[in-house]
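J.:
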Amino acid sequence: MDPELEAFIPLFPVTGPTDPVDVRASFAALAARLPPPDTSRLVVEDRTVPADPDVAVRVYRPRQARGAIVWLHGGGFVMGDLDTEHPWAGRIADASGAVVVSVAYRLAPENRYPAALEDAWAALTWTVEHAAELGVDPERIAVGGHSAGGGLAAALALYARDHQGPPIRYQLLNQPGLDDRQESWSRRHFTDTPWMDRDKVAAGWRHYLGEGPVTQYAAPARATDLSGLPPAYIATAELCPNRDEDIDYALRLLRAGVSVELHQWPGTFHGSQAILSAEVSQRQIAELAAALRRALA
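For the sequence shown, my numbering begins at 418 and goes up steadily by one.
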């Protein structure tokens, strides 16, 4: 493990997504300790997307932006909101020059699949319809997210492809949760990795899916046809249960003719980019923003 990251492990709370109320409070407290992003060059505004129910979004608008990204927060499908994602959404908007539409999708287990995907879809269509108001080109709209949000972004790309949705320019997937099954080597063996391990990932999927059938729009790794999807940037952490399913998804996208940039970060663990003082975390965040900037240029 990267020594700069290892020093912070004792500070991470020991918790798992068994009691959503408890883990949400812990997650919010952890996010609140992060240094706030510099938003002096951004216009930040909370908006409401009309839907059933309405969806809250927070829009980060850099000056002279050309494109936008619909951004979906992490949190194992049970945690996270606009405030916990503020440190990341603000940094990505400032560094990439893209408008970031951060989405407060409904959380499990109170709202199981497909509630979160429906909220993401509403935010995507709203962003495209309001592109002129946001000052961006409707042909330069990306989707992306961290962890569970990255999996939702991948599902959103599949859903848009299959339902004649708005054209998506790019997928920005950071350590995405793509597979509900426990079949990959990293999922089976990473039983005690920091912050997120096999059992916590499995519990998050149980909260999200319930007992219903699992489709490709719930777990994108189950998709049999990945052709015709937008180009993707996929980032993985070496000590992350999601690592191997993400790498496999990247390879399958490539074999389906989809352009992919894959970055495997050595010595890191799931969510370790929250340790902003570490040099590797700074490179991870800079790479995400740079990939988005190139994609929407």
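Glycine included, each C-beta is placed from N, C-alpha and C at the ideal position.
None of the values given here were measured: they were computed from a predicted structure.
Buried or exposed for Trp602, please, with buried defined as at least 16 other CB atoms from any protein chain shown within 10 angstroms of its CB.
T.: So Trp602 ends up on the exposed side.
J.: Report the residue from Trp682, Ile558, Trp505 and Leu534 whose alpha carbon sits nearest the alpha carbon of Arg483.
T.: Looking at the Cα atoms, Ile558 is the closest of the given residues.
J.: Are Leu668 and Ala649 closer than 9 Å when you measure CB to CB?
T.: The answer is no: Cβ separation not under 9 Å.
J.: At which residues does the beta strand (DSSP E) containing Glu678 begin and terminate?
T.: Val677 to Phe686 is the extent of the beta strand (DSSP E) around Glu678.
J.: Does DSSP put Trp612 in a helix, a strand or coil?
T.: Of the three classes helix, strand and coil, the one that applies to Trp612 here is coil, per DSSP.
J.: Hey, quick one: how far does the alpha helix (DSSP H) through Ala445 stretch, first residue to last?
T.: Pro437 to Ala449 is the extent of the alpha helix (DSSP H) around Ala445.
J.: Sort Ala449, Val476 and Trp622 by Cα distance to Val487 and report the nearest one.
T.: Checking every option, the nearest Cα to that of Val487 belongs to Val476.
J.: Answer yes or no: do Phe686 and Glu655 have a C-beta to C-beta separation smaller than 9 Å?
T.: It is a contact, given that the beta carbons lie within the stated cut-off.
J.: Considering only DSSP beta bridges, list what Arg475 is partnered with.
T.: BP columns for Arg475 point to Asp463 and Ser519.
J.: Between Asp596 and the rest of its own chain, which residues show a CB-CB distance below 6 Å, the 5 nearest in sequence each way excluded?
T.: Only Ala636, Ala638 and Glu662 meet the Cβ criterion.
J.: Alpha carbon to alpha carbon, how far is Tyr634 from Leu693?
T.: Taking the straight line joining both Cα atoms gives about 32 Å.
J.: Helix, strand or coil, according to DSSP, for Glu628 in the structure here?
T.: Coil, per DSSP.
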